[in-house]
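I have placed the structure first, in the form of C-alpha cells, so that the comments after it can refer back to it.
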Amino acid sequence: MYKIKIIVCLLLLSAGCFSANDRSDLAVISIPDSLKKNAYGVVRFSDTEFDYKSEISGTEKHSIAITVLDKKGKDLADFNCSGDKFSELKSFSGILYDADGKIREEKMLETNKIIEKK
C-alpha cells in the first residue's frame, strides 16, 4: 500500500500529474477563510486512479495538491512512498507553486534519475 504525504505550497504529485502550467485556481487567495482558520495546511484536492491492465498488472496514480500555510505545516511537504515486493514506484513528478498559483519549480523522477526544470 502506498503512503503519500506531500507538498510544499501546492506541490502536485503523481505518475502522470498535470500539465506544467500556472494554476490560478490553486492560488492561496481562493481558499475560504473558514478553511484557513487554525490550519497549517489545506488539501486542495486528492485523487487516486487505478488502471487495471491484467490479473497481475496495473497502475495506481495519485494526484494531490496541498497548500502549506505556515512553518508548522512544513511536514505536509514530505513525500513518503512505501511498497512491497508486488509494487514499485516507477515515476514521480512534483510542481512547486507560489501563493499566486505560478510555477516556481518542477522535478521529475524516472527510474532513479532526477530531472530538474526551472
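If you're matching positions, the sequence shown starts at 0 in numbering that gives the first Met the number 0 and goes up one per residue. C-beta atoms are modelled at their ideal positions from N, C-alpha and C, and glycine is treated no differently. Values in this document were obtained by computation on a predicted structure and should not be read as measured data.
Residue i to residue j, Cα distance in whole Å?
{"i": "residue 63", "j": "residue 43", "result": "7 Å"}
{"i": "residue 40", "j": "residue 52", "result": "36 Å"}
{"i": "residue 81", "j": "residue 29", "result": "33 Å"}
{"i": "residue 59", "j": "residue 47", "result": "7 Å"}
{"i": "residue 37", "j": "residue 83", "result": "37 Å"}
{"i": "residue 34", "j": "residue 75", "result": "16 Å"}
Might you give, ordered along the chain, the residues of its own chain that have their beta carbon closer than 6 Å to the beta carbon of residue i, omitting 5 neighbours on each side?
{"i": "residue 100", "result": "21, 22, 23, 25, 26"}
{"i": "residue 71", "result": "39"}
{"i": "residue 98", "result": "27"}
{"i": "residue 2", "result": "Since pLDDT at residue 2 reaches only 32, below the 50 mark, its modelled position is unreliable, and the value read off the structure follows with that caveat. Same-chain partners within the cutoff: 79, 81."}
{"i": "residue 10", "result": "With a pLDDT of only 37 at residue 10, under the threshold of 50, the placement of this residue in the model should not be trusted; the figure read from the coordinates follows. Same-chain partners within the cutoff: 93, 95."}
Rounded to whole angstroms, how far is the Cβ of residue i from the Cβ of residue j, which I believe are closer than 8 Å?
{"i": "residue 108", "j": "residue 91", "result": "4 Å"}
Which same chain residues end up closer than 8 Å to residue i when comparing Cβ atoms and leaving out the 5 residues on each side of it in sequence?
{"i": "residue 57", "result": "49, 50, 51"}
Candidates the options: which alpha carbon is nearest residue i's?
{"i": "residue 54", "options": "32, 85, 47, 71", "result": "85"}
{"i": "residue 105", "options": "97, 93, 98", "result": "93"}
{"i": "residue 88", "options": "79, 96, 95", "result": "79"}
{"i": "residue 45", "options": "35, 61, 34, 33", "result": "61"}
Grab me the residues of residue i's own chain with a C-beta within less than 7 Å of its C-beta, minus the 5 sequence neighbours each way, in chain order.
{"i": "residue 102", "result": "19, 21, 94, 96"}
{"i": "residue 31", "result": "none"}
Between residue i and the ligand PLP, is there a pair consisting of the residue's CB and a ligand heavy atom that are separated by less than 7 Å?
{"i": "residue 52", "result": "For the ligand PLP, the structure offers nothing, since it holds no ligand at all."}
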